[in-house]
Each structure stands twice: as structure tokens, then as C-alpha cells.
Amino acid sequence: MPNKLVYSLFITLVFSCFSFSQEDKTPQDVKTDLIVVQDSIKTKREPINVLAPSKAAFYSAVLPGLGQAYNKKYWKIPLVYAAIGIPAYLYVKNDKDYDLYRDAYKRRLAGFPQGSDGDPFPNVSDDGLIRAQQQLRRNKELALLITIGMYALNIIDANVDAHLLQFNVDEDLSFRPHVKYNQMENTTDLGITLNFKF
Numbered sequence: 092m093p094n095k096l097v098y099s100l101f102i103t104l105v106f107s108c109f110s111f112s113q114e115d116k117t118p119q120d121v122k123t124d125l126i127v128v129q130d131s132i133k134t135k136r137e138p139i140n141v142l143a144p145s146k147a148a149f150y151s152a153v154l155p156g157l158g159q160a161y162n163k164k165y166w167k168i169p170l171v172y173a174a175i176g177i178p179a180y181l182y183v184k185n186d187k188d189y190d191l192y193r194d195a196y197k198r199r200l201a202g203f204p205q206g207s208d209g210d211p212f213p214n215v216s217d218d219g220l221i222r223a224q225q226q227l228r229r230n231k232e233l234a235l236l237i238t239i240g241m242y243a244l245n246i247i248d249a250n251v252d253a254h255l256l257q258f259n260v261d262e263d264l265s266f267r268p269h270v271k272y273n274q275m276e277n278t279t280d281l282g283i284t285l286n287f288k289f
């Protein structure tokens, strides 16, 4: 019995020495397989220009529409000029008409009778001239307020548009639905992926 145990230990030891022997390799002889995984290709983003919104607002304040041109939104320039130009034209027109009615009323106060030579409004009474002056003054002031409002809106539009041009909309910040095949249940699952990377 002890003989069998010694023989079996000896055979196991010899067999294990041959079975676990390995060739000793130096690190220079070792070949490694490199696996290169290409990450998603990212486009190079322009750095954020913090002064772009204030530049666009300044340009629009100096010359309406210039801030929109700075933002490369050329289609907005005719809209800006129409929004500022129409009320400005109405202001000038109402101002001229107001001056015409005022001069006619002053002429009547100076003693010229209604319908005399040089009276531009022979069929309008004195009260009609006063009401026309009040209406034209109101229209003139309203047109001036709208012109100033459109001028300010032009500046605000250029500023906000310059801010939005620098808004980050790349794939690192995304929220999108996806469909995934579930192999365990042999069905498709609908999900939502939120990507937020720094």
C-alpha cells in the first residue's frame, strides 16, 4: 500500500512538471495584438465668443440690420427696415399733415375767414381743424413709439440671435427615443436615451 502511494505521487509529480512547463519569453519577444476602437468622430466646435451678443447688439444700435448681418441672418434685414421704416414714414406723414392743419387754424385765428384765398381746407370748420390736429398728434406720437419699439426690438433680436448661435446642440447633450431588441423575450423594447457627457 505505501508503495502504491509513493509511485502515484511520483508519477503525478513528474507529469505535472511536464504539463505546466512553459517557455520563458522576454518582453521583447512577446507580440501583443492591439485592438483600436475608434470613438465617434467629433467635429471641432468653435470656441464660445462671449462678446458676440454684445457686438451684435452694438452693431444693431449703430445701424439697424447690421447686427443681423453680423449674425449672418441676412433674410432678417428687410424685415428690420420694414418694421422701422413704415412707422417712421407714418410719423413724418402725420407730422406734415399736423403742420398743415395747425397753420390753417392759426390763419383763421389771425382773422382770415373760412374759405378765403389761401385756405387749404375751405370746407372744414374751426372745430374740425382742432379735432384733426388732436387726431394727427395722437397718430404721430403712436408712430414714434412704434418706431422706437421696433428699433429696440431690432437690437434685442440681434443680441438673442447671437446667444442662440452659440447654443450647444451636439451629440454629447441629446435626448432621443430608441428601439432595442430583447433577445430573452424575443420582443422589441422602446426606450429613451439621455446622453450627458462632460
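In this note's numbering, the protein residues as written are 92 to 289. Backbone N, C-alpha and C define an ideal beta-carbon position, used for all residues, glycine too. In this text the structure is predicted, and so the values were computed from the model without any measurement.
ask   = With 16 as the cutoff for other CB atoms within 10 Å, does G209 come out buried or exposed?
value = Counting Cβ neighbours within 10 Å, G209 comes out exposed, since fewer than 16 surround it.
key: Residue(s) in a DSSP beta bridge with I283   = P268
query = Just the Cα atoms here: how many angstroms apart are Y196 and D188?
reply = 12 Å
key: S112 to I102 span [Cα, whole Å]   = Because S112 sits at a pLDDT of 48, beneath the cut-off of 50, its placement in the model cannot be relied upon, and the point is left open.
key: Host alpha helix (DSSP H) of G158 (start-end)   = L157 to Y161
inquiry  = With three or more beta-carbon pairs closer than 8 Å as the criterion, would you say the segment 145 to 154 touches the segment 204 to 218?
reply    = The segment 145 to 154 makes no contact with the segment 204 to 218, as fewer than three CB pairs between them are under 8 Å.
request  = Say whether the segment 217 to 231 touches the segment 152 to 171, bearing in mind that this needs 3 or more beta-carbon pairs closer than 8 Å, one atom from each stretch.
outcome  = no
ask   = DSSP state of N273, grouped into three classes?
value = strand
Backbone CA spacing between K231 and P138 [nearest angstrom] = 47 Å
ask   = Taking C-beta to C-beta, are T284 and H269 nearer than 7 Å?
value = Cβ atoms of T284 and H269: closer than 7 Å.
query = Is it buried or exposed for Y165, if we count other Cβ within 10 angstroms and need 16 for buried?
reply = Result: exposed.
inquiry  = Check this for me: beta carbons of N185 and A253, under 7 Å apart or not?
reply    = In this structure, A253 does not lie closer than 7 Å to N185 by Cβ.
key: Sequence-distant residues of its chain with Cβ nearer than 8 Å to I132 (five each side left out)   = Note that I132 scores 49 on pLDDT, short of 50, meaning its location in the model is unreliable and no value can be drawn from it.
query = Taking the alpha-carbon positions, what's the T238 to R229 distance?
reply = 14 Å
ask   = If you draw a straight line from the C-alpha of L181 to the C-alpha of S145, how long is it?
value = Counting only the Cα atoms, S145 lies some 31 Å from L181.
request  = Report the residue from R267, A147, A143 and Y192 whose alpha carbon sits nearest the alpha carbon of I246.
outcome  = A147
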